[in-house]
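To start, the structure under review is shown below, and the notes come after it.
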Amino acid sequence: MTTEKTSNPLEPFLLLLKDAKGAGAASILSQAMGAPNVYVFGEFLDLPNVQELATGAYASVYQLLHVFAYGTYKDYKASTAQLPDLTPQQLTKLRHLTVVSLATRSKCIPYSVLLEELAMENVRNLEDLIIEVIYADIIHGKLDQIHQQLEVDCALGRDIHDKSLDEVVTVLEQWCTGCEGVLRSIEEQISRANLCKEQQNQRKAALEQEVINIKKTIKTTQQQDLDEAMVTDSRGDLALVTDKGSKKTTKSKGLRGSNPGKLWNK
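Reminder that position 223 of the sequence shown reads as 223 in full-length UniProt numbering, one-by-one numbering, no gaps.
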């Protein structure tokens, strides 16, 4: 998500502030705080000539710039006595920034919270403001009119105050710790998956070997049966031949024995 449309919206103001001092710098900053598409202000606060405004006649403008960079509409309301009055454009901008701040803390923001934080009483006006924020591309989300809440997908990152750096570091450390835990979990799952795959491969290899052995056994058994059948057939053929031979021999002997008798009778 970005605050840029076709170019950096801060650039014209940064160029104007380059040589501006005092009242001129304060006027440029006031315009920037009400300008469309300008939602980050940290670069202004880093400029030496802007930091010079922290004391003197324009200190209130410098403090207001701090509110736009890091604060919310509630922060402004709490210090109105020390801060300049807001123009209509600045008021809308600060309310936009307040919605962004709320969106970074919660993904579902009830209308009741928004109405309180923005000091608004009319739900219709609130929804119009939220639609402006979404079209400004500083949050992505949608209105849930049934449940009276804003559902946030993501939001623009606001400027980070030096006082918040420790909190940011803590959050990042927690995030890194969480990532390490997730990484360990993934590695464990990979190890289990590899072990399971190896076991499956072993079972598959054992099954394939068993199939091969069974095929060999079946083939051997079939060959043995075939051999036995051939032996049996051979024995049967031999017995038949032997039997036929015996019959022929007996017949021949019978014929030889009868001829002399016939000759003697004559």
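All C-beta atoms, glycine included, are put in the ideal place defined by N, C-alpha and C.
| query | result |
| --- | --- |
| Beta-bridge partners of alanine 155, as assigned by DSSP | Ile139 |
| Terminal residues of the beta strand (DSSP E) in which isoleucine 109 lies | 108–110 |
| Cα-Cα separation, proline 9 to phenylalanine 68 | 16 Å |
| Methionine 33 classed as buried or exposed, judged by whether at least 16 other C-beta atoms fall within 10 angstroms | buried |
| N- and C-terminal bounds of the alpha helix (DSSP H) containing glutamine 63 | 59–70 |
| Bounding residues of the alpha helix (DSSP H) (the contiguous stretch that carries aspartate 75) | 73–78 |
| Helix, strand or coil at glutamine 209 [DSSP, three-state] | helix |
| Coil, strand or helix - leucine 86 by DSSP | coil |
| Histidine 147, buried or exposed, once every other Cβ within 10 Å from all chains shown has been counted against 16 | exposed |
| Beta-carbon separation (whole angstroms), tyrosine 76 vs leucine 65, contact threshold 8 Å | About 12 Å separates the two Cβ atoms, so there is no contact after all. |
| Status (buried if at least 16 other CB within 10 Å, exposed otherwise) for serine 101 | buried |
| Close-in-space but distant-in-sequence residues of the same chain around glycine 24 (CB under 6 Å, 5 per side omitted) | none |
| Per-residue burial, lysine 93 [other beta carbons within 10 Å of its own, 16 or more giving buried] | buried |
| Beta carbon of threonine 72 nearer than 8 Å to that of leucine 97 | yes |
| At least three beta-carbon pairs within less than 8 Å, the segment 176–190 to the segment 132–139 | no |
| Assigned secondary structure, leucine 150 (DSSP; H/G/I helix, E/B strand, else coil) | strand |
| Sequence-distant residues of the same chain with beta carbon closer than 8 Å to arginine 184, five excluded per side | none |
| Cα-Cα separation between alanine 119 and alanine 103, rounded to whole angstroms | 17 Å |
| Spatial neighbours of glutamate 43 in its chain, beta-carbon cut-off 8 Å, leaving aside the 5 residues before and after | Leu10 and Leu14 |
| Sheet register partners of aspartate 144 (DSSP bridge) | Gln149 |
| Inter-residue Cα distance where the pair is glutamate 173 and valine 182 | 14 Å |
| Proximity of isoleucine 130 and leucine 143 at Cβ, strictly below 8 Å | yes |
| Counted within 10 angstroms of its Cβ, other Cβ atoms place valine 50 as buried (16 or more) or exposed | buried |
| Terminal residues of the alpha helix (DSSP H) in which serine 27 lies | 22–34 |
| Burial state of valine 38 (16 or more Cβ within 10 Å) | buried |
| Length of the line joining the Cα atoms of glutamine 223 and glutamate 208 | 22 Å |
| Assigned secondary structure, phenylalanine 41 (DSSP; H/G/I helix, E/B strand, else coil) | coil |
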